[in-house]
Each structure stands twice: as C-alpha cells, then as structure tokens.
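To convert, take the position in the sequence shown, counting from 1, and add 19; that gives our numbering.
Each residue gets a CB set at the ideal place from its N, CA and C atoms; glycine is no exception.
Below is one structure; the comments refer to it alone.
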Amino acid sequence: MNRKSESVETPEPMAAQAGRAPLLAYLGLIAATVFWASNAVAVKLIVRELPHATAAGLRISLAALTLAVLYVARGGRFHLRPVEVWQFLTLGFWGLALSFLFFTIGVYYTSVSHAVLVGALVPVAVLLLARMDGQERISYGKLGGMLVSLLGVFLLALDKASGPGPSWQGDLIVGAAVCSFAFFTVKSKRMAAAYDTLYFNTCCFLMAAICFLPWLGWTLPRLPWGHITWVGWSSLLYSATVGSAGAYLAYYYSLRRMKASEAAVFQYLQPVLAILLGVWFFQESLTPRFEVAAALILTGVFLAERQ
C-alpha cells in the first residue's frame with residue numbers, strides 16, 4: 020500500500036517559507052490555466068471524428084497511462100489491498116469515468132462557451148454535496164453566491180446564440196459531469212489524505228480506464244481508422260496528456276510553491292480563456308444574455324467560495 024510514508028514524498032508548500040511565490044510558480048499556473056482552458060476545444064475537435072463514449076474512454080485511458088508512466092519514473096510502486104482496489108474502482112467509476120463521459124457527450128451537443136461556464140459550477144456542486152455529507156456548513160453568504168450562480172445558469176439555458184452548438188440538452192449533460200466530479204472531490208477528501216497526491220490520482224485514473232475497457236474492446240476494432248484525420252489524433256493526444264496530466268502537474272508544481280489563495284485567482288481566468296478559444300476556433304457568438312449569465316455564474320462561484 021503506497022501511503023504517504025512509503026511513497027515518493029511531495030515537497031511541502033514553499034509559500035509558507037517564502038513571502039512571495041517564485042516566477043516559475045506563476046508560470047506553472049498560467050500553463051495549467053491554458054492547458055485546462057484549451058482542453059474543451061480539444062474535446063470538441065475529438066467528438067467531430069470519434070464516437071462520444073469511445074473518445075471519452077480513450078481520453079481517460081491515455082491520461083491514466085501518462086500519469087502511471089510519470090509515477091513509475093519517479094520511483095513509485097503500486098501496492099493495493101483488495102479493499103483499496105474496490106475503493107479506487109468506486110471513485111474512478113462514479114467520479115472520473117462518468118465525468119469524462121458526460122463532459123465529452125455534453126461538449127458535442129453544446130458550445131465550448133456554454134460547456135466551460137457550466138463546468139465552472141464545480142465549486143458550488145462540491146459545496147452542496149459536502150453539506151449533504153456533513154463536511155461543510157452553508158452560510159448565508161455562500162447560499163447567496165449559489166443563488167446568484169443558479170440565476171446565471173437559468174439565463175444560460177435561455178441563451179440561443181446563432182452558430183454552432185449551444186443547447187440546453189448539452190448544458191444539462193455537462194451539468195451531470197459537474198455533479199460526477201463534485202462527487203469525486205467530496206468522497207475522495209478523506210481517502211486522499213492518506214496517499215501521495217500523484218499516486219492517488221494515478222490509481223483513480225487507472226480504475227476509471229478499466230471501467231472503459233469492455234467498451235473500448237468492442238468499439239475500437241469497428242472504428243473507421245482511415246477517416247480519422249491528424250486533427251482528431253492530435254486533439255486526442257493533447258487532451259489526454261497536456262490537457263489532463265500536463266495541467267495537473269503544472270498546477271501542483273505551482274501549488275507547492277505558493278499560497279492556495281493566490282492559486283485560486285487563476286481558476287476564474289480559465290473559463291474566460293476557454294470562451295475566447297471557443298470564439299476563435301469555432302466562431303461561437305456571444306450574446307448579451309450569455310455575457311450576463313457568465314458574469315452571474317462567475318460572481319456567484321466567487322461569493323460561494325469566499326464566504
């Protein structure tokens with residue numbers, strides 16, 4: 020069992036030792052923000068050429084492989100008891116496999132702009148589930164922030180921009196991905212504290228990939244491989260490696276060297292950048308209603324997290 024005392028140790032945060040985070044820490048956060056923001060664009064390009072569930076399975080499998088290689092390269096080893104296998108399998112299925120599946124399908128049916136705004140609601144969903152699990156108390160300030168976000172979601176559902184993609188059905192499916200990942204965040208909190216961070220996430224991703232193996236084994240031989248362009252392949256590799264593992268590594272590199280409050284500021288830049296990328300790559304139009312909805316959602320998330 021590769022618990023923290025037995026694994027390759029993650030350095031303690033350096034921000035506590037230094038008054039100001041080094042330049043490389045900020046560059047790492049900028050890189051993570053760009054990687055995560057561009058991931059939605061990559062997924063949109065993938066589902067133009069690959070079936071939704073197959074694309075989700077390939078994304079999570081390649082991401083798991085990337086993390087596993089990185090972990091082993093650090094000198095890590097995998098040792099799981101049967102009970103731990105079941106725990107990681109449960110988290111991997113409900114929290115990651117379904118999250119990847121719903122997000123991939125949702126991005127196909129809606130626009131990148133809508134998908135990333137709905138995805139920005141993860142902290143609100145985490146707060147609600149944590150309250151139900153007895154981990155959090157919801158203050159009036161947090162409740163107010165949640166209501167502001169929900170008002171933004173309502174306006175987003177009414178947004179009918181011209182051009183490719185936005186639909187309330189796709190937004191709803193992305194919302195299911197948000198709930199799935201929020202479940203993973205809440206349920207993994209106590210368990211994750213006992214493990215090295217990279218090891219814990221690698222095990223979760225590997226178990227999620229195992230959940231997709233039967234589906235991939237059935238669908239991959241039937242894929243029209245000759246019709247998949249270099250755009251599809253490069254988008255798949257980018258999403259699985261840079262958009263997932265690369266963003267994760269850059270984020271945690273920076274988080275070890277700066278305060279969490281400083282790092283949190285960058286999460287509000289991610290949906291803004293993703294929206295701009297959606298406009299650039301897919302000529303998505305932004306209506307006044309969408310802009311108001313975006314402002315309400317991001318403001319509500321900020322209030323819910325800060326109270």
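Cβ pair residue i, residue j closer than 8 Å
i      : j      : result
Leu115 : Cys223 : yes
Ala227 : Ile79  : yes
Tyr218 : Tyr90  : yes
Leu177 : Arg308 : yes
Gly319 : Gly171 : yes
Leu136 : Ile316 : yes
Gly268 : Thr52  : As written in the sequence, residue 268 is Leu, which differs from the Gly given in the question. No; because the gap between Cβ atoms is not below 8 Å, this pair is not in contact.
Leu81  : Thr260 : yes
Ser258 : Gly47  : no
Leu86  : Thr221 : yes
Leu342 : Leu255 : The structure shown does not extend to residue 342, since the chain is modelled only from 20 through 326, so no value can be given for it.
Ser175 : Ala312 : With the sequence shown as reference, residue 175 is identified as Leu, and Ser is not the correct amino acid for it. Yes; because the gap between Cβ atoms is below 8 Å, this pair is in contact.
Val167 : Leu322 : yes
Top-ranked residue by Cα proximity to residue i, from the options
i      : options                           : result
Leu84  : Val66, Leu175 and Ser263          : Ser263
Arg275 : Thr216, Ala293 and Leu305         : Thr216
Glu103 : Ala51, Ala211 and Val88           : Ala211
Val66  : Ala323, Gly94, Gly245 and Val250  : Val250
Ala144 : Ile192, Met165 and Leu315         : Met165
Phe200 : Trp244, Val141 and Arg325         : Val141
Ala293 : Lys161, Gly138 and Leu235         : Gly138
Glu324 : Pro185, Gly163 and Leu136         : Gly163
Phe301 : Leu43, Val261 and Ser57           : Ser57
Pro70  : Ser186, Ser253, Tyr127 and Trp299 : Tyr127
Leu99  : Ile49, Tyr214 and Met151          : Tyr214
Leu295 : Ala134, Val88, Pro101 and Ala72   : Ala134
Asp152 : Ala314, Ser207 and Leu232         : Ser207
Leu239 : Ala72, Pro41 and Ile49            : Ala72
Ser253 : Pro41, Ala50, Ile49 and Glu68     : Glu68
Leu225 : Phe97, Ala50 and Pro41            : Phe97
Ala149 : Met277, Ala195 and Arg209         : Arg209
Phe202 : Phe173, Val291 and Gln154         : Gln154
8 Å contact criterion, which residue i and residue j should meet: CB distance rounded
i      : j      : result
Ala266 : Phe122 : About 14 Å; that fails the 8 Å criterion.
Phe119 : Ala75  : 5 Å
Glu310 : Ser132 : Not confirmed; about 10 Å, so no contact.
Thr129 : Val197 : That belief does not hold up - the Cβ atoms of Thr129 and Val197 are roughly 13 Å apart, past 8 Å.
Min CB distance residue i to chain C below 8 Å
i      : result
Trp249 : In the structure shown, chain C does not exist; there is a single protein chain.
Taking 8 Å as the threshold, find out whether the region 100-108 comes into contact with the region 60-76 through three or more Cβ pairs. Touching, no, given that fewer than three Cβ pairs across the two stretches are closer than 8 Å.
Jot down the residue ranges of each uninterrupted alpha helix (DSSP H) in the region 97-124, minimum 4 residues, whole runs only, in chain order. Fully enclosed alpha helix (DSSP H) runs of 4 or longer: 101-110.
Quick check for students: name the residue ranges of the alpha helix (DSSP H) that lie wholly in the region 242-290, counting only runs of 4 or more. Considered as a whole, the region 242-290 harbours 249-256, 266-274 and 279-283 as its complete alpha helix (DSSP H) runs of no fewer than 4 residues, in chain order.
What residue ranges within the region 156-191 form continuous alpha helix (DSSP H) runs of no fewer than 4 residues, ordered along the chain? If we require 4 residues or more, the alpha helix (DSSP H) runs fully inside the region 156-191 come out as 159-177.
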